[in-house]
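Residue numbers (my numbering), protein chains in the order written: chain A, 20 to 394; chain B, 6 to 326; chain C, 597 to 1185.
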């Protein structure tokens, strides 16, 4: 870290009080966003990735919400800031692009008006000036015939153009941080690539810090500098992009990578999904929250909760797993070679971190319990 | 849009014609008072009844009567004469329309203001004490019979029979052109009474719709832009949530102008279309009934058209060809 | 009988307020118990404006066409017939345009009336009234453009009247003779002079200027009503051509002083300067306005029971109960089973709790139980038994009903159980709302208790009459909401249209039982042509007895009409009309 980060999120907890119980949507998340760099946050639905970013903007505040931790943007903590302050920050310092641009743009107002609104909320300019700026923004995001398009309604745009317009709206006030929540999920594959390219280009031109939230590793493979993998409200692994794809050190990440269809593999090769479903955020599994779905689970994992810790040899690479690093690396090499998880498991003797006995209050024998999760 | 409007207007003609015909059929089929016998009085005189019947052309077959009615209507805009008192039906309706229009439109303004504001406040503070009280009161307002509410209003506020005599009582209506001040004050109680149930319904309608709307994605976007909560609700939320209110308004106003305000008109003795139609029905005064029905159908259909057009202005996704 | 004064207020149709009262027929006159003030207070004050609150409109503003009790209330302030009724009059009407009582010849075929001089028409006619104006007034009653409802009934015996009725164009009737400007003679084909003389107390005899009215009467319907010329103390404001400016149908009527009225020629004091009739008033609201307000009286509606109760207990001086001169009864139809059997009819009358029926209108305060056909204050009432039924009519003895007598008559009809045993449904048609509806319902449930199976239909009042009960073809077995009220103080007006076999009509029939009994017919026909009033009373009383013995109806009340006035109004009631007399009422000092 050579610079002071734009945004520093520290131990963020977000809990919702619902009829069914306390939902721990975000359970201790920390990360930083730096100028000119892109952070990818990856996870399944329910992992807490969206809630994290909404909370930074203060959009999850409510009578049933408990938020703790901090999110410091240029010296001010947004978590404890007043609503007024947050409103100034929104779209001004931190801007967000949402998943479905058709439902995220108001269907009754012209695109130009919505852009103008974003501009005039934070800048003292006349409507004519705002309109000009809106036209510029549309050009910036690559929409042809921008001036005329200002008068169109959202439903008159194609999917890709809509998302471009949303991005334009987010950029209206030169924000320092741009958060894109599933920006390509609602779009065709070809358009996806265009949008991602656009974001990358804009970042290069404007120097913002960008956060891309997605469930699809493929989306962030090209564009992110760093990736944080979230599971059950926590970050379970974070690393530089190339490191993550080369040498991931968490069974969940392995599962994600293995489940991506590859162009290069044999046609008949089966995809290997991660078994089971995302856990309930009200009654989280005991111990390691991934243990019910992990092919390499051991007894102690059911009781001890792993912390995010650096991987030996690379301080920027952290993972939350109780297995010993060597074991993990061996397992990964097996998987990479094409072995299935069961095979890999059988071949590699599992060992936990040395002080696991200490951490496991009940005390257990090692190597016991070869209870592989059922497929 | 222009072609669409023209097509709709043509439909108006068809619909009105159908309604007039249906009324004719209903009138001749269902047992109602015989107007000739009503006019003849109670003294034994067969000839008299025959004469009256002949004068009203009731002795001709029904299709002849119908044909004559439609003929007069279309060629001269002649709505005929009342069986009761021989007044010209069109004159009588036009004389009474201003009163009903005053009542309906004034009432609509009151219930829109009340209903929308209560609806918004309830939606924002939903499930709070304020919201529950407001929704509870609205239930009372909807359930209370208009007539009862009117009587209560008079017994409390009328300057002749009320406990707190501050407003003109029943029977004090004067046309706007005669005395604007008196016209206005005499309509305050009727407006409130008429508006009560509607305001409640609209408040509930808007509340529900607004709550739903506020969970839409574009509301989140609006907030993410840093807009004040007030702007988010009023500019973004309300515009979407208001559409059912617009349709309801069209229908309700149409019905009121067609005579649905009769209970309010009766309690407060406002000489409007409602009372006219009631008297006509009781006395089997077919020409007046047809006249009222025709106007009523016209109002309802035209207002529906206006509402549909308004829709197209509110929601640009709606396009008529 | 005059048509019902009272319209069904909307609230009743809304169903919510069953407390609203409707009288099936208006009425007036009758026996003791009322607090009817029939004379103006001492030193009554002249001036002021009275407002009459009414629910509906007059039937015709033309005095020569009107047949509505409420119409008479309004029109007697501006129309002066040959004879009319002072508030305290209970028999023959008093001379009004006439200068003295009508002279009926011994043979009953000629009636001579002398008229006052100095009576003038109001603007724009402005000239003195002559006998020719009275002649024309009656002739136009037969014109189909005017269509007076009782012209044939009471003046049909004038020579030439029958032809006039057939031609129906208002052509002259030669039986109406005007030897000079202040005398009119009625030449009759039958000796019905006594009735004709009394019928001159009806508004048809109000003078009408032919030169002014003929062109108006030529249109069908006549436009004279909209150009009415006054003879009374009051008039409706009009323009130079005579077109009324003060009458808005169904909204209001204004009456101002008639500048051509000469108080010296009239017994009316006419205290008020102005009278405003406000229409469209709801009875509940209006009654409260009257009781709590100033300068108000009721017009065509009856105050609801709740308000009546309040006024009767705490504000007695604001209430006028005026005997209506008629009765309410429930009619059987002789031509439809099972009521063709007199025993069944007697059984039903015996079994009915008539007190319960009367309770639906307010109970004993509203009037005595009806026991035969001639009501109190009508000549013949006492002779027919007064407040008692005929002694041999054991089925009428107990107003609360007597199950033993009922059983006796059912058994006599062949039903051994003492209850009705027939299985066919009988058609009963009654009012659907208000007090009338309730009376119908009480009657229906009592019939069911007796064992009848009913097809009980409730319809609006006007429908009940014009489509069902007054139409023999509808074959209704039992009509609970019938009744009849006097036209003037003579039993003929009560018995003839309702029980004379020659008055069974196919439409507008008021002889609901369709009674055609030779003895009854003979007595009635004889009575009609009897000149001596005492003898008439005797004959009609005999007819009454005979009719009652035939058990044609369930008689349940001779009612009084309640009227209310504001505290500052010195209201005087009309004995003729049972309403508040606008010519005698004044505003208190």
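Backbone N, C-alpha and C fix where the C-beta goes; we use that ideal spot for every residue, glycine too.
Residues of chain B with a Cβ closer than 8 Å to the Cβ of residue 122/A are, in chain order, 221, 222 and 223.
The residue from 1065/C, 1165/C, 855/C and 848/C with its alpha-carbon nearest to that of residue 667/C is 848/C. For the stretch 269-301 of chain B, the residues whose beta carbon sits under 9 Å from a beta carbon of chain C are, in order, 270, 271, 272, 273, 274, 275, 276, 279, 280, 281, 283, 284, 286, 287, 288 and 289. In this structure, the beta-carbon distance from residue 243/B to residue 98/B does not fall below 9 Å. If you draw a straight line from the Cα of residue 131/A to the Cα of residue 256/A, it is about 41 Å long. The beta carbon of residue 178/A sits closer than 6 Å to those of 206, all from its chain and outside the five residues before and after it, given in chain order. Per DSSP, reduced to three states, the secondary structure at residue 149/A is helical. Using a 10 angstroms sphere on the CB of residue 295/B, the tally of other CB atoms reaches 16 or more, which defines it as buried. When CB distances to chain A are screened at a threshold of 9 Å, the residues of the stretch 231-247 of chain B falling below it are 231, 232, 233, 234, 236, 240, 241, 244 and 245, in chain order. Taking 8 Å as the upper bound on Cβ-Cβ separation, chain B lies near residues 172 and 174 of the stretch 164-181 of chain A. Under DSSP, the beta-bridge partners assigned to residue 93/B are 86/B.
Not a single CB atom of chain B sits nearer than 9 Å to the CB of residue 1051/C.
Here residue 266/B is buried: its Cβ has 16 or more other Cβ atoms, across all protein chains shown, within 10 Å. Residue 62/A is positioned such that its CB atom lies no closer than 9 Å to that of residue 102/A. Per the DSSP secondary-structure output, residue 1054/C pairs in a beta bridge with 1026/C. Under the three-state reduction of DSSP output, residue 1169/C falls in the strand class.
Considering only 1129/C, 1065/C and 709/C, the residue with the shortest C-alpha distance to residue 775/C is 709/C. For residue 717/C and residue 45/B, the gap between their C-alpha atoms comes out near 29 Å.
Relative to the Cα of residue 305/A, the nearest Cα in the group 294/A, 292/A, 111/A and 319/A belongs to 319/A. Considering only beta carbons, the part of the stretch 79-109 of chain B lying closer than 7 Å to chain C consists of 90, 91 and 92, in chain order. Within the stretch 28-39 of chain B, 36, 37, 38 and 39 place their CB atoms closer than 9 Å to a CB of chain C, listed in sequence order.
Taking the CA atoms as reference points, residue 79/A sits about 27 Å from residue 244/A.
Contact check between the stretch 243-254 of chain B and the stretch 206-224 of chain B: three or more CB pairs, one atom from each, fall below 8 Å, which counts as touching.
A straight line joining the alpha-carbon of residue 69/A with that of residue 231/A spans about 10 Å. A contact is defined here as three or more CB-CB pairs under 8 Å, and the stretch 683-693 of chain C fails this definition with respect to the stretch 834-854 of chain C. Taken in chain order, the complete beta strand (DSSP E) segments of 3 residues or longer contained in the stretch 651-725 of chain C are 706-710. Look at residue 948/C here: in three-state DSSP terms it is coil, with no helix or strand label. Annotated as proximal: residue 1180/C and residue 867/C, with beta-carbon spacing under 9 Å. 9 Å or more divides the Cβ of residue 850/C from the Cβ of residue 986/C. In this structure, the straight-line span from the alpha carbon of residue 930/C to that of residue 907/C is close to 42 Å. Against residue 52/B, the close residues of chain C are 748, 761, 762 and 764, in the order they occur along the chain (beta-carbon pairs closer than 8 Å). For the C-beta of residue 929/C, not a single chain B residue is nearer than 9 Å; the gap to the nearest is close to 17 Å. Between the alpha carbons of residue 1012/C and residue 1043/C lies a distance of about 18 Å. The continuous stretches of alpha helix (DSSP H) do not include residue 62/B, and DSSP gives it neither H nor E. Residue 914/C is classed as buried because its beta carbon has at least 16 other beta carbons within 10 Å across all chains shown.
Using a 10 angstroms sphere on the CB of residue 1131/C, the tally of other CB atoms stays under 16, which defines it as exposed.
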